[in-house]
Amino acid sequence: MPDAPTPSEPGPDNPFEIGLVMAGAISAGAYAAGVVDFLVEALDEWEKSKELARQHADDPQARECPMHSVKIKVMAGASAGGMTSGLAVGLLGMDYQSVVEQPPPDQPATPTNNNLYRSWVNTVDIEPLLGSKDLDGIAKGPIKSVLDCSILSDIAKDAFKFERPNDRKSRPYVADPLHVFLTVTNLRGIPYPLKFANFSQSEKVKQYEMTMHADNVHFILSKDEPAKAQGAFWLKPYDFQNPETWGLLQNAALATGAFPIGLAPVLLKRISSQYDVRHWRHKGPHSENGRHYCEYWKPIPPDFGGDEKSFEYDFLCVDGGVMNNEPLDLANLVLSGPLDVEPSGGDKVTRATVMILPFPNSTGFSRKYDGDTNFIHLLSTTFNGLINQARFKPDELAMADDANPFNRFLVVPRRGFRSNGEPEPFTIACGSLGGFGGFLSRKFREHDYQLGRRNCQWFLKQYFTLPSKGEKRNPLFDNWTPEARKKFAVHKSTDRSVILPILPIIPLMGSATADVPPPKWPNFTEMEFRALRPKVKSRLARVVKALVDENIEGFLWGPAARAALKSAWWLKGGEVVDRVMKTIRHDLTMRGLMKP
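In structure tokens, the structure reads:
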């Protein structure tokens, strides 16, 4: 468990602490990667400007540079957001090139050392995902997923291989330690028995037991090894070849992104005693550091059975977004501690989470309800209900009545407006096909990467701000010069309750001030569509064959039955592929990604 944060008062001498939360997004991880790309560029340019201001204090332009500081203290991600978090951990220690514009479709950008762009835009694509590398050389299964995930394993292996490995860079805005959480859905589960008055723990009788499946893997990037009480894996800077730490981060990134059925599950291993240090909420009263609380947290070890205190616990994982798609709770655990007593008012806030949400959540709630009891519809709504309930976080409702929670911010895709003033209905190209559309074309991922950069720039300039005037001003800006205040003051806000003017927590300096151009909405050509069909047909045929060979066994289901089922596929497979292609065409056409 992370150490409790040190209480601090807002002010120019205390860094403003930031937690990045990256939600699940499947192929739209390209958008989150673009956001992170610009965020790092903006922070780098600000640090350059501060260094120049220190060296040339007499220069009038030096007085325009804000001199306070920020620290990225934690990154927490799920699914594609977890994969992006993992990639970013390595990137933060390297000098790299940002991709500042959308390249031509036939000329992919090749930025040096930028593993975010390389992994999310240039490498992952539909052709290898519809291949059969995962099935080659096996007579009977096991088939793990509809898509061939071999390319994802290759990307993970190369995640921390850089074109210029010696081009390292120290970034003072990255905290040491930096906490990193990747959520996973643990299919094996962690057992927690409950005690009852009429049973003793020594009785060998099955009692009531709960299993926890919403799991996470905790890493700490630091020069110094963390205490074992934190239950985390130590990422020693630049020790990229260490299989037990950085190698585990690569596997955990695959595990958090293993979308059920579509992508293959991943086996992880850890020492069981790491679960012993996880803290859980208890009823108070409780006193700590002179403060009094109505509740407190302490560890509750699980019961794995057996006599040994610790053993190698292995568990199969699928997408972390199934159980915890927006891990605000994990980021807040580091920023605010388990008791979460940090103020959220604009004048007192010293820490904030920034959530990158490629797919904004909306329940679509309506007062009209038809109560459809169709069998297939019931399966769908039951599955969605289980996922939504697993993601429900009652603790986050505590701030529901707070009109201005300045300790959490949100970055979501925005793509401008139509001629009639209505916002564009579809903002990210990777949102097609339920989030898998980005795998169809590099052009889709390229668009979303640049949109992420553009949205991040606008977010930092206009929204990631705090009050700077009056009784409700934040002391973070107390040492700002009049020149800096004049240059960076934001005089417009969509929220009337915000006291104006407001100032940016991260001011845009240097190259970060040049407007990121709006990316051109991509298109999927008829030629690309026609080329896709045989690949879909080939992959589905291999999947069906593997499923039949693996699962149809026994006297009643012998070779003749297997041959009959395979023949049925060859007779009807074309119709299935036609339906798949029709669905793809309809979705792309509806979103304006393909001509009718």
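Numbering of the sequence shown is given in the numbering used here, commencing with residue 1 and proceeding in unit increments.
C-beta atoms are modelled at their ideal positions from N, C-alpha and C, and glycine is treated no differently.
Nothing here was measured: the structure is a model prediction, and the numbers come from that model.
Give me, in chain order, the residues of the same chain whose beta-carbon lies closer than 6 Å to that of Ser98; leave out the 5 immediate sequence neighbours on both sides.
For this step, residue 98 is matched to residue 98 along the sequence shown. Around Ser98: Asp37 and Glu41.
Best match in Trp234, Asn216 and Gln230 for proximity to Ser222 [C-alpha to C-alpha]:
Counting from 1 along the sequence shown, the entry for residue 222 is found at position 222. Nearest option by C-alpha distance: Trp234.
Out of curiosity, what's the CA-to-CA distance linking Phe304 and Val70?
Looking up residue 304 in the sequence shown gives position 304. Looking up residue 70 in the sequence shown gives position 70. Cα to Cα, Phe304 sits roughly 42 Å from Val70.
Report buried or exposed for Gly574, applying the criterion of at least 16 other Cβ atoms within 10 angstroms of its Cβ.
Against the sequence shown, residue 574 aligns to sequence position 574. Classification for Gly574: exposed.
According to DSSP, is Lys595 part of a helix, a strand, or is it coil?
In the sequence shown, residue 595 corresponds to position 595, counting from 1. It is coil, neither helix nor strand.
If contacts are defined as beta-carbon pairs under 8 Å, then Val89 and Leu249 qualify, I think. What distance do you get, rounded to the angstrom?
The residue labelled residue 89 in the question sits at position 89 within the sequence shown. The residue labelled residue 249 in the question sits at position 249 within the sequence shown. Right, their Cβ atoms sit about 7 Å apart.
CA-to-CA distance, Asp314 to Lys486, given in whole angstroms:
Stepping through the sequence shown from its first residue, residue 486 is reached at position 486. Stepping through the sequence shown from its first residue, residue 314 is reached at position 314. If you take the alpha carbons of Lys486 and Asp314, they lie about 57 Å apart.
Three-state class that DSSP yields for Ser287 in the structure shown:
In the sequence shown, residue 287 corresponds to position 287, counting from 1. Reduced to three states, the DSSP call for Ser287 is strand.
Glu288 versus Met94 - alpha carbon distance:
The residue labelled residue 288 in the question sits at position 288 within the sequence shown. The residue labelled residue 94 in the question sits at position 94 within the sequence shown. Taking the straight line from one Cα to the other gives about 40 Å.
How would you call Arg291, buried or exposed, if buried means at least 16 neighbouring beta carbons within 10 angstroms?
For the purposes of this step, residue 291 is taken as residue 291 along the sequence shown, with counting starting at 1. Counting other Cβ atoms within 10 Å of its Cβ, Arg291 stays below 16 and is therefore classed as exposed.
Unbroken beta strand (DSSP E) run spanning Trp234, endpoints
Locating residue 234 in the sequence shown gives position 234, where the first residue counts as 1. Here the beta strand (DSSP E) through Trp234 covers Phe233 to Leu235.
State the start and end residues of the unbroken beta strand (DSSP E) segment that holds Met210.
Taking the sequence shown and counting its residues from 1, one reaches residue 210 at position 210. Looking at the DSSP string, the run of the beta strand (DSSP E) that includes Met210 is Glu209 to Leu221.
Beta-carbon separation (whole angstroms), Arg454 vs Val516, contact threshold 8 Å:
Translated into the one-based positions of the sequence shown, residue 454 becomes position 454. Translated into the one-based positions of the sequence shown, residue 516 becomes position 516. Rounded, the Cβ-Cβ distance is 4 Å, consistent with contact.
Assess, as a yes-or-no matter, whether the stretch 265 to 279 is touched by the stretch 226 to 246 under the definition of 3 or more beta carbon pairs within less than 8 Å.
With the rule of 3 Cβ pairs closer than 8 Å, the stretch 226 to 246 counts as touching the stretch 265 to 279.
Cross-strand partners of Pro193 (DSSP beta bridge)
Here residue 193 is taken as the residue at index 193 of the sequence shown, counted from 1. Answer is Glu209.
Check whether the stretch 153 to 164 and the stretch 248 to 267 touch, using three or more Cβ-Cβ pairs below 8 Å as the test.
yes
Out of Leu593, Lys595 and Lys535, which one is the CA nearest neighbour of Val580?
As a working note, residue 580 is residue 580 in the sequence shown. That would be Lys535, whose Cα lies nearest to the Cα of Val580.
Rounded separation between Asp319 and Arg445 - CA only:
By 1-based counting over the sequence shown, the position of residue 319 is 319. By 1-based counting over the sequence shown, the position of residue 445 is 445. About 21 Å.
Are the CB atoms of Ser49 and Gly434 within a distance shorter than 8 Å?
For this step, residue 434 is matched to residue 434 along the sequence shown. For this step, residue 49 is matched to residue 49 along the sequence shown. Taking 8 Å as the Cβ cut-off, Gly434 and Ser49 do not qualify as a contacting pair.
Proximity winner among Pro285, Gly262, Arg171 and Arg473, relative to Ile126 (alpha-carbon distances)
As a working mapping, residue 126 is identified with position 126 in the sequence shown. Nearest C-alpha to Ile126: Gly262.
Could you tell me the alpha carbon to alpha carbon distance between Gln107 and Asn122, rounded to whole angstroms?
The sequence position of residue 107 within the sequence shown is 107, counting from 1. The sequence position of residue 122 within the sequence shown is 122, counting from 1. Taking the straight line from one Cα to the other gives about 11 Å.
Express the C-alpha separation of Thr465 and Pro60 in angstroms, rounding to a whole number.
Sequence index remark: in the sequence shown, residue 60 carries index 60 (1-based). Sequence index remark: in the sequence shown, residue 465 carries index 465 (1-based). When rounded, the distance between both Cα atoms is 25 Å.
Tell me whether Met594 is buried or exposed, calling it buried when 16 or more other Cβ atoms sit within 10 Å of its Cβ.
Within the sequence shown, residue 594 is the residue found at index 594, counting from 1. Its Cβ being crowded by 16 or more others within 10 Å, Met594 is buried.
For Tyr96 versus Ala33, is the C-beta spacing smaller than 8 Å?
Reading the sequence shown from its first residue, position 96 is the one you call residue 96. Reading the sequence shown from its first residue, position 33 is the one you call residue 33. Not a contact, by the Cβ cut-off of 8 Å.
Cβ neighbour criterion (16 or more within 10 Å) applied to Tyr173:
As a working mapping, residue 173 is identified with position 173 in the sequence shown. Looking at its Cβ environment, which holds 16 or more other Cβ atoms inside 10 Å, Tyr173 is buried.
Check the C-beta distance from Gly24 over to Ala78 and give it rounded, since I have them as a contact under 8 Å.
The count along the sequence shown starts at 1 and reaches residue 24 at position 24. The count along the sequence shown starts at 1 and reaches residue 78 at position 78. Right, their Cβ atoms sit about 5 Å apart.
With the cut-off set at 8 Å, would you say Thr427 and Phe16 are in Cβ contact?
Taking the sequence shown and counting its residues from 1, one reaches residue 427 at position 427. Taking the sequence shown and counting its residues from 1, one reaches residue 16 at position 16. It is not a contact, given that the beta carbons lie outside the stated cut-off.
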